[in-house]
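*Asks:* A single structure is presented below for examination.
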Amino acid sequence: MSRILCIGDAMVDVIVQLQEPINTGSDTQSEITMLSGGAAANTAAWLAASGTEAYFAGRVGSDAAGEGFIAELDRFGVRHGEMRIHGERTGIVVVLVDHNGER
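Under the working numbering, think of the first position of the sequence shown as -13, with each following residue one higher.
See the structure below:
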């Protein structure tokens, strides 16, 4: 069986799906989803789900986002070493998706 190492950023994507056009000066209804992201981590998760022995090398902070990222890798069966950098925060990307599905 193949073994593949994916090296890259460990990011958490916060997807904000707007339900309607933004109302300036007011609240806009939205749905928020948090997912582990980064091209290398996404690739490793896909490979592991496909039955390949996948490894990920990247770093997360010692925070809740980092713990969630590691838990998601574990859930997909992606192998990894110690990833936490104590005293640092995990990278977070906020993606706004408008009511038409455009980023």
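All C-beta atoms, glycine included, are put in the ideal place defined by N, C-alpha and C. On a predicted model such as this, the values are computed, not experimentally measured, just so you know.
Determine which residues share a DSSP beta bridge with Ser16 and list them.
*Replies:* Beta-bridge pairing links Ser16 to Leu4.
*Asks:* Which residue spans inside the stretch 12 to 76 form an unbroken beta strand (DSSP E) run of at least 3?
*Replies:* Counting only runs of 3 or more, we get 16 to 23 and 39 to 43.
*Asks:* Helix, strand or coil: how does DSSP classify Arg(-11) here?
*Replies:* Here Arg(-11) sits in strand by DSSP.
*Asks:* If you drop the 5 nearest sequence neighbours on each side, which residues of the same chain put their C-beta closer than 7 Å to that of Phe62?
*Replies:* Only Ala31, Ala34 and Ala35 meet the Cβ criterion.
*Asks:* Report the option in Arg70, Ala51, Thr14 and Ile56 whose CA atom is closest to the CA atom of Val79.
*Replies:* The residue with the shortest Cα to Cα distance from Val79 is Ala51.
*Asks:* Leaving out five residues on either side along the sequence, give the residues of the same chain with a beta carbon under 7 Å from the beta carbon of Glu58.
*Replies:* The answer, listed in chain order, is Ser22.
*Asks:* Since Asp(-1) sits in a beta bridge, which residues does DSSP pair it with?
*Replies:* In the DSSP output, where bridge partners are listed per residue, Asp(-1) has Leu21 and Val79.
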